[in-house]
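Trainee: Under the working numbering, think of the first position of the sequence shown as 64, with each following residue one higher.
Glycine included, every Cβ here is placed at the ideal spot set by N, Cα and C.
Quick caveat, the model's predicted, so the values are computed rather than measured.
Quick one: the structure is below, and I'll ask about it shortly.
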Amino acid sequence: MKTVGMVGWRGMVGSVLLERMIAERDFEHLEAVFFSGSQVGQPGPQIHSERRPAPLLDAHCIADLAQMDIILSCQGSAYTRAVRPQLAAAGWDGYWIDAASELRMREDAAIALDPVNRALLERALESGVKNYIGGNCTVSLMLLGLGGLFCGGAVDWASAMTYQAASGAGAAAMREMLAQMGALHDAVAADLSNPAAAVLHIDRRLADCQRSADFPQSEFGAPLAGSLLPWIDGEMPGGQSREEWKAAAETNRILGLTGERRIAVDGLCVRVATMRCHAQALCIKLRRALPLEDIEAMLAAQNPWVEVVPNNRTASLAGLSPAAVSGGLRIAVGRLRKLQMGPEYLAAFTLGDQLLWGAAEPLRRLLGILMRR
Ligand code: HSE
């Protein structure tokens, strides 16, 4: 049985990963060893009901880490930067699976999204690549939803305008968003319970609350609740945000497209006040004017998690929202219609859970692929 060192399992993505691994009984097929940066020696999580959890090992002890066949880290880029080179220097030859972006674009790494790029991952494994990194959540969710078109070579270019949830900014950000919502409600609660209060008066109070010095915004740096944030991550040359830059960089890397085969993907990335479900509206220029029925069939057939939502009001409101999709593995794709620009221009709206398919699930599945080798 292979030994798998689990690092960063207590954080938000790590917790979702652990839940999924327990639900899928993954721990029956591997020997998990739990590491910690801060609670060394304390008992690890209760995975097997018949066994007492072993004490946590030190996540910075290279000698202990080097005993593992596989290390799965949800700890973040700083940890990867600190530890991965030390393991290499110690001659460790195991597999490194990572939720952080640090190694994503390196030549000796591949982005794990097996429902979309299984063949590329198999080639990487055959050629001895040892680093498998989870993709940017927005890109992974777009490719899972629209893989039927992207993998089939049907896309000339795509513009993705995103509606990204607070979870992409971390657990503290999710809490802050809810605190903001609470502060806004508190500011107008008395007026709301008074049917005679004018809504424009309520609106002014809300705006005053959002702009007040004590409005909680240390995570986002601006109000998200009752507002939105049209910039995610750092600044790149050319006016792109780093999140926007990843769209083309990672899409092509996941699909293994280089040179003239690369697909242009660009758009604006926006944070909205949802909890854990990233959505995006796409304008896709197809290479040829495929009929809508063929497009729907291609999308539905690409992977078992895609659900094509009929393009009508009732179905869209019921099944194509964060409220409907959040917390599950379903990837909803809808609003599929040809745009007025011409029969090669397709509109689509897709969304999926940022913590599941956007983060934990591709890593869990990559681990499964390694287990079965
Ligand atoms: N960068 C993403 C976001 C999450 O901020 O929503 C990680 O892929």
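Taking DSSP as the reference, what is the three-state secondary structure of Pro178?
Mentor: In the structure shown, the three-state DSSP call for Pro178 is helix.
Trainee: Sort Gln243, Asp357 and Leu402 by Cα distance to Gly215 and report the nearest one.
Mentor: Closest option to Gly215, Cα to Cα, is Asp357.
Trainee: Can you give me the C-alpha to C-alpha distance between Val202 and Thr314, rounded to a whole angstrom?
Mentor: Answer to the nearest angstrom: the Cα atoms are 6 angstroms apart.
Trainee: In the DSSP assignment, find the unbroken alpha helix (DSSP H) run with Gly208 in it and report its ends.
Mentor: Cys200 to Phe213
Trainee: Using the C-alpha atoms, what's the distance from Arg316 back to Glu165?
Mentor: One C-alpha to the other measures close to 15 angstroms.
Trainee: Just curious, the alpha helix (DSSP H) that Ala246 is in, first and last residue?
Mentor: Ala234 to Leu255
Trainee: Please return the same chain residues whose Cβ sits closer than 8 angstroms to the Cβ of Pro116, not counting the five positions on each side in sequence.
Mentor: Once the five neighbours on either side are set aside, the close Cβ partners of Pro116 are Phe97, Pro106, Gly107, Pro108, Gln109 and Ile110.
Trainee: Identify whether Cys137 lies in helix, strand or coil by the three-state DSSP scheme.
Mentor: coil
Trainee: Tell me which residue opens and which closes the beta strand (DSSP E) that Gly329 is part of.
Mentor: It is Asp, not Gly, that sits at residue 329 in the sequence shown. Asp329 -> beta strand (DSSP E) spans Ala327 to Asp329.
Trainee: Kindly list the residues whose CB is nearer than 6 angstroms to the CB of Met131, restricted to its own chain and excluding five residues on each side of it in sequence; keep chain order.
Mentor: Thr66, Gly68 and Gly157
Trainee: By the three-class DSSP mapping on this structure, what secondary structure does Gly390 have?
Mentor: DSSP, read as helix, strand or coil, puts Gly390 in coil.
Trainee: Going by alpha carbons, who is nearest to Met338 out of Leu409, Asn366, Arg238 and Ala327?
Mentor: The option with the nearest alpha carbon to Met338 is Arg238.
Trainee: Mapping DSSP to helix, strand and coil, what is Ala336?
Mentor: coil
Trainee: Helix, strand or coil for Val70? Go by DSSP, reduced to three states.
Mentor: strand
Trainee: Tell me which residues share the same chain as Asn257 and place their Cβ nearer than 7 angstroms to its Cβ, disregarding the 5 neighbours each side in the sequence.
Mentor: none
Trainee: Where Gly197 and His264 are concerned, what is the direct C-alpha to C-alpha distance, given to the nearest angstrom?
Mentor: 47 angstroms
Trainee: Which residue from Ala163, Ile133 and Gly297 puts its Cα closest to that of Trp155?
Mentor: Ile133
Trainee: Could you compute how far the alpha carbon of Val103 sits from the alpha carbon of Asp89?
Mentor: 24 angstroms
Trainee: Reducing DSSP to helix, strand and coil, say where Leu120 ends up.
Mentor: In this structure, DSSP gives Leu120 an extended state, which the three-state scheme calls strand.
Trainee: Return the CA-CA distance between Ser136 and Ala229, expressed in angstroms with no decimal places.
Mentor: Distance from the CA atom of Ser136 to the CA atom of Ala229, rounded to whole angstroms, is 22 angstroms.
Trainee: Kindly examine ligand 1 and report whether one of its heavy atoms sits closer than 8 angstroms to the Cβ of Cys200.
Mentor: yes
Trainee: Between the Cα of Ser112 and the Cα atoms of Ile125, Ser99, Ile85 and Ala122, which residue gives the shortest distance?
Mentor: Ile85
Trainee: Among Pro118, Leu176, Ala163 and His92, which has the Cα closest to the Cα of Glu437?
Mentor: The requested residue 437 does not occur in the structure, where the chain is confined to residues 64 to 436.
Trainee: Does the distance from the CB of Pro42 to the CB of Ala234 come in under 9 angstroms?
Mentor: With the chain represented from 64 up to 436, any question about residue 42 goes unanswered, as that position is not in the structure.
Trainee: Pull up the distance between the alpha-carbon of Val335 and that of Gln227, whole angstroms please.
Mentor: 6 angstroms
Trainee: With distances taken Cα to Cα, identify the nearest neighbour of Gly421 among Gly431, Leu433, Gln403 and Gly391.
Mentor: Gly391
Trainee: Count the other CB atoms, across all protein chains shown, that sit within 10 Å of the CB of Met168; report buried if there are 16 or more and exposed otherwise.
Mentor: exposed
Trainee: Tell me Ala221's beta-bridge partners as DSSP assigns them.
Mentor: Val328 and Ile347
Trainee: Can you check which of these residues, Gln149, Gly319 and Gly210, is closest to Val371 by C-alpha distance?
Mentor: Gly210
Trainee: Leu418 and Ala223 - do their beta-carbons sit closer together than 9 angstroms?
Mentor: no
Trainee: What residue range is occupied by the uninterrupted alpha helix (DSSP H) comprising Val262?
Mentor: Val262 to Arg274
Trainee: Can you tell me whether DSSP reads Leu414 as helix, strand or coil?
Mentor: strand
Trainee: Tell me Phe278's beta-bridge partners as DSSP assigns them.
Mentor: In the DSSP output, where bridge partners are listed per residue, Phe278 has none listed.
Trainee: How would you write the range of the beta strand (DSSP E) that Ile317 sits in, first residue to last?
Mentor: Premise fails: Ile317 lies in the alpha helix (DSSP H), Arg305 to Leu318, not in any beta strand (DSSP E).
Trainee: Could you check if Ile295 belongs to the surroundings of ligand 1, using beta carbon to heavy atom distance under 8 angstroms?
Mentor: Checking the 8 angstroms criterion, the Cβ of Ile295 is within range of a heavy atom belonging to ligand 1.
Trainee: Quick check: what's the CA-CA separation for Pro373 versus Leu212?
Mentor: 17 angstroms
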